[in-house]
Amino acid sequence: MNTNESIHTLIIGAGLTGLSTAHFLQKAGSNFLVLDRNSHPGGVIQTHTENGFVYETGPNTGVIGSSEIVELFEDLQGLCELETANEHAQKRYILKNGQWEPLPSGLMAGIKTPLFSLKDKFRLLGEPFRSKGKNPHESLSGLVKRRMGQSFLDYAIDPFIIGVYAGDPDILIPKYALPKLYNLEQDYGSFIGGAIKKQFQKKSEADKKITRKVFSAKGGLSNLAHALYEKAGKENFRFNIANPTVQPNGKQYKVSWQHEGETHTILASNVVFTGSSFELPEVYPFLPKNDLDKITNLLYAKIIEITLGFNRWEGIDLDGFGGLIPSKEKRDVLGVLFMSTLFEDRAPKDGALLTVFMGGIRNEKITELSDEQVREVVKREIADLMQLPGFQANLFKITRYRQAIPQYEVSSGVRFETIEKIEKQYPGLLLGGNMRDGIGMADRAKQGKMLAELIINR
Ligand SMILES: Cc1cc2nc3c(=O)[nH]c(=O)nc-3n(C[C@H](O)[C@H](O)[C@H](O)COP(=O)(O)OP(=O)(O)OC[C@H]3O[C@@H](n4cnc5c(N)ncnc54)[C@H](O)[C@@H]3O)c2cc1C
């Protein structure tokens, strides 16, 4: 390709954001080209099959938190199938004093649970009457302590944040990290009151699709990525590329990259970036350092993801979604997902597939351990937590992420403003990916549609 060629939209990244953007552009008949340094679509989404186990080394489960993720599956009928979590996998366990306790889902269970203190259970009755917070940059810890009490922070929100962000409620800012929760207080004056009122509000057809059920794709999340790739047209993708660089060129952008030792160049009216924030200076060398610094300062959690497969399971009953471990418990693992309970055909009959996470913002140091040390820690922790008489894993995989999950902390407001400023200054230049608009897979599909619509309506 050379500069004589032009394309309406060039997308950098074939992860879920780039694939979703490509999908919605293709649906609207708008032409595009996707570049990725990897050899395959999906970005961090990677499903593997080995000796009867089907396991993920990136995200394991998503939540149907946007109608766009459902729309993707609807559009991909025949190519890939949405799989929602097994009915028997609803229970979520939280570790307290070394024991797994189910997170209560009803009033009676809520009254009886040992997870929260008696004082905080009584205090919760007053939650709807507590006054609204006034500091938009109050930390999540601050918000939860103020409205619900310390024990709810320690044994509900802290483990939830570990599960979603591998994060720390002391530094996450609800306005950016959990905007729905933040808005419940701001719009309705109460989490409980707001949640009840919202239940009775009339929902649009799109909102009805947002079931908040846990999902995957049948056979693993890579099937979703591959189906999107196929449907968007394989000819519109270039893999194994290096050093993509963007420069303004009149009303267009000149994009260059290397592939197998050759330099390629193309003109594009729109350029969508879907990678991580720290990649921006190399891709957009013309953007002022002062602006870039306000985006590249985004903090990412380091994670080690460990996949354990057992041909024969001899530990505790895996009757739930999995278990999360509050930071107060001071363990060396963050939590365990019961993947073979959640989804069909992930492990041999009578066997089990578990995903274990280590690291996160509060325990980054542990990610410096060698593979051998990680194995020892996991063996010790999982044998104890899952009451395994012996630890005989038939599958043991370690995947490391140095920049796994972006943390929407206090600098996020300035980051979002700077991105908007750049986009205004350079029409057609769009900065996407999980540095903005949420970190989950449902958020990525939603952003992909939004980006495609911005391009189509330009
Ligand atoms: C370990 C882990 C666990 C997770 N767990 C969950 C979960 O349980 N539920 C959930 O909803 N979400 C989870 N997430 C988050 C979710 O997976 C991501 O937000 C989402 O998949 C990101 O998609 P993306 O396309 O924005 O980015 P990516 O998947 O990172 O894709 C970006 C793509 O762009 C390419 N790229 C970037 N820069 C360049 C460049 N300069 N040149 C060429 N190519 C480039 C990369 O190669 C990559 O393929 C998890 C993430 C990780 C890492």
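Going by the numbering used here, the sequence shown opens with residue -4, and the numbers climb by one from there.
Ideal placement from N, C-alpha and C gives every residue a C-beta, glycine not left out.
Here the structure is a predicted model, which means the values were calculated and not measured.
Under a Cβ-count criterion, where at least 16 other Cβ atoms within 10 Å of its own Cβ denotes burial, should residue i be classed as buried or exposed?
| i | result |
| --- | --- |
| L390 | buried |
| H221 | buried |
| I106 | exposed |
| L275 | buried |
| V458 | Nothing in the structure corresponds to residue 458, since the chain is present only between -4 and 453. |
| T206 | exposed |
| L30 | buried |
| P54 | buried |
| Q242 | exposed |
| S199 | exposed |
| K455 | The shown model of the chain, from -4 to 453, leaves out residue 455, and the question about it has no answer. |
| K246 | exposed |
| P384 | exposed |
| N358 | buried |
| T56 | buried |
| K197 | exposed |
| S126 | exposed |
| Q402 | buried |
| T44 | exposed |
| N452 | exposed |
| R538 | The structure shown has nothing for residue 538, since the chain only spans -4 to 453. |
| A296 | buried |
| M103 | exposed |
| A388 | buried |
| I93 | The identity of residue 93 in the sequence shown is Gly, whereas the question assumes Ile. Label assigned to G93: exposed. |
| Q72 | exposed |
| F333 | buried |
| G37 | buried |
| K441 | buried |
| A399 | buried |
| E180 | buried |
| F226 | Before going further, note that residue 226 is Lys rather than Phe in the sequence given. Flag for K226 reads buried. |
| P109 | exposed |
| R87 | buried |
| F27 | buried |
| E367 | exposed |
| K491 | Because the chain here runs from -4 to 453, residue 491 falls outside it and cannot be looked at. |
| S407 | buried |
| E277 | exposed |
| G228 | exposed |
Any heavy atom of ligand 2 closer than 7 Å to the CB of residue i?
| i | result |
| --- | --- |
| D432 | This structure lacks ligand 2; its bound ligands are ligand 1. |
Residue i and residue j look like a contact to me (Cβ under 8 Å); what is the Cβ gap, rounded to whole Å?
| i | j | result |
| --- | --- | --- |
| M430 | L293 | 6 Å |
| H254 | N235 | 7 Å |
| L329 | G355 | 5 Å |
| Y279 | A263 | With 8 Å as the limit, Y279 and A263 do not qualify as a contact, their Cβ atoms being about 13 Å apart. |
| I40 | S217 | 6 Å |
| S322 | I191 | Going by Cβ atoms, the distance from S322 to I191 rounds to 30 Å, so no, they are not a contact pair. |
| G443 | T12 | 6 Å |
| L524 | T42 | Outside the shown range of the chain, which is -4 to 453, sits residue 524, and nothing can be said about it. |
| L424 | L446 | Contact doesn't hold; Cβ gap of about 11 Å is too wide. |
| I166 | E363 | Between E363 and I166 the Cβ distance is about 21 Å, and since that is not below 8 Å, they are no contact. |
| E76 | K213 | 4 Å |
| S211 | E69 | Contact flag wrong, Cβ pair sits at about 16 Å. |
*asked:* Can you confirm whether the region 408 to 423 touches the region 180 to 196 when touching is taken to mean that 3 or more C-beta pairs between the two stretches lie within less than 8 Å?
replied: no
*Ranges of the alpha helix (DSSP H) found wholly within the region 15 to 93, counting only runs of at least 4*: 62 to 70
*May I ask you to verify whether the region 141 to 153 touches the region 104 to 120, counting CB pairs closer than 8 Å and requiring at least 3?*
yes
*Counting only runs that start and end within the region 362 to 417, where is the alpha helix (DSSP H) found for 4 or more residues in a row?*
366 to 380
*Continuous alpha helix (DSSP H) assignments of at least 4 residues falling wholly in the region 201 to 249*: 217 to 227
*Inter-stretch contact at 8 Å, needing at least 3 Cβ pairs: the region 120 to 135 / the region 165 to 181*: yes
*Unbroken stretches of the alpha helix (DSSP H), 4 residues or longer, contained in the region 135 to 189*: 135 to 142, 153 to 160, 169 to 172, 174 to 183
_If contact is defined by three or more beta carbon pairs under 8 Å, each pair taking one atom from either stretch, is the region 5 to 17 in contact with the region 264 to 271?_
yes
_the region 295 to 305 contacting the region 338 to 351, beta-carbon criterion three pairs below 8 Å_ = yes
*For the 8 Å Cβ check, are there 3 or more pairs between the region 305 to 322 and the region 374 to 382?*
yes
*asked:* For the structure I just gave you, are there three or more beta carbon pairs, one from the region 79 to 87 and one from the region 362 to 376, closer than 8 Å?
replied: no
*At 3 residues or longer, and completely inside the region 296 to 374: list those beta strand (DSSP E) runs for me, N to C.*
317 to 319, 330 to 333, 347 to 354
*Taking one C-beta from the region 61 to 70 and one from the region 426 to 441 each time, how about it: are there three or more such pairs within less than 8 Å?*
yes
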